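Numbering (the numbering used here), first residue to last: 37 to 306.
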């Protein structure tokens, strides 16, 4: 049963990484597996039998989430953007009490609030780019220049995707390669997927080591920084609010999302 829950959590992470503005890292925090995920990647060869099963379940879930639900989520965002986005906002904010409790465990140094302010400001700045126009011109063939571009884009997207609150899809959108990546995935364009995939792999391995080292040596500043990223990640997702039926549905979906992750957060703390 536990394996099924891990796969389901992987599905949520996979779907969230497809949506510009929503972070897979945020969903990992919300679902209570962020620390374990980072640790499993970094200590893979120390206990590879245990880690390969956990990471495999996450990977299977993420792949299933992208294949089965990305089209549904995209349709919901297109046809019902306000209630759908408010559901994600509820999921994000519902995890905040649990994270803040971890951040304020023990004696709190005032300088740690600066980490919160810095990461929160970063997310507000990122939200300015959330409405950037999507390039509809996708690469279809591979050259030396496009290989380097796709590798670097995969590296940057993966490195940022791991950070809670920062959307890898939004980063791809900003640098103009979102359409290329989504088109390559949907058409199984292997020559384009290879450099992007290599960049993603190197980005994940590099960033997870940095994050785990920071969280191990400086746990309180790390959680204050995560709190800023999580709270600030609401801004790129916020769709506005209308006082009509859609607005009423948005309140309901927000509450559902908030309660779900709040309960999960309490369960993790216990």
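Each residue gets a CB set at the ideal place from its N, CA and C atoms; glycine is no exception.
Note that this is a predicted model, so its numbers are computed, not measured.
Would you mind working out which of the options sits nearest residue i, comparing C-alpha positions?
| i | options | result |
| --- | --- | --- |
| residue 293 | 278, 261 and 127 | 127 |
| residue 145 | 297, 223, 254 and 212 | 254 |
| residue 65 | 261, 213 and 231 | 261 |
| residue 258 | 197, 193 and 152 | 152 |
| residue 120 | 274, 63 and 100 | 274 |
| residue 77 | 90, 67 and 68 | 90 |
| residue 132 | 63, 114 and 79 | 63 |
| residue 236 | 266, 184 and 103 | 184 |
| residue 207 | 150, 180, 60 and 39 | 60 |
| residue 307 | 100, 104, 283 and 47 | Because residue 307 is not part of the residues shown, which for the chain are 37 to 306, the question remains open. |
| residue 218 | 112, 49, 45 and 53 | 53 |
| residue 75 | 195, 142 and 252 | 252 |
| residue 279 | 110, 84, 86 and 118 | 118 |
| residue 241 | 213, 269, 214 and 195 | 195 |
| residue 199 | 247, 175 and 231 | 247 |
| residue 212 | 225, 223 and 182 | 182 |
| residue 149 | 264, 101, 299 and 282 | 264 |
| residue 322 | 103, 299, 282 and 222 | For residue 322 there is no data in the structure shown, the boundaries of the chain being 37 and 306. |
| residue 297 | 222, 125, 102 and 113 | 125 |
So residue i and residue j are in contact, right, with Cβ under 8 Å, and what is the actual spacing, rounded?
| i | j | result |
| --- | --- | --- |
| residue 234 | residue 187 | 6 Å |
| residue 229 | residue 216 | Actually they are not in contact, since the Cβ atoms of residue 229 and residue 216 sit about 10 Å apart, beyond 8 Å. |
| residue 239 | residue 190 | 6 Å |
| residue 88 | residue 42 | Contact doesn't hold; Cβ gap of about 13 Å is too wide. |
| residue 123 | residue 51 | Between residue 51 and residue 123 the Cβ distance is about 12 Å, and since that is not below 8 Å, they are no contact. |
| residue 256 | residue 139 | 6 Å |
Let's see if you can read the secondary structure: which residues bound the alpha helix (DSSP H) around residue i?
| i | result |
| --- | --- |
| residue 47 | 38-54 |
| residue 212 | Segment: none, residue 212 is in no alpha helix (DSSP H) and carries neither H nor E. |
| residue 164 | 148-164 |
| residue 238 | 226-253 |
| residue 275 | It is not in any alpha helix (DSSP H) - residue 275 carries neither H nor E in the DSSP assignment. |
| residue 196 | 180-198 |
| residue 137 | 132-139 |
May I ask whether a heavy atom of the ligand ADP can be found less than 8 Å away from the beta carbon of residue i?
| i | result |
| --- | --- |
| residue 74 | No copy of the ligand ADP appears in this structure; indeed no ligand is present at all. |
### Query
Which runs of the beta strand (DSSP E) fall wholly inside the segment 61-121 and span at least 3 residues, in chain order?
none
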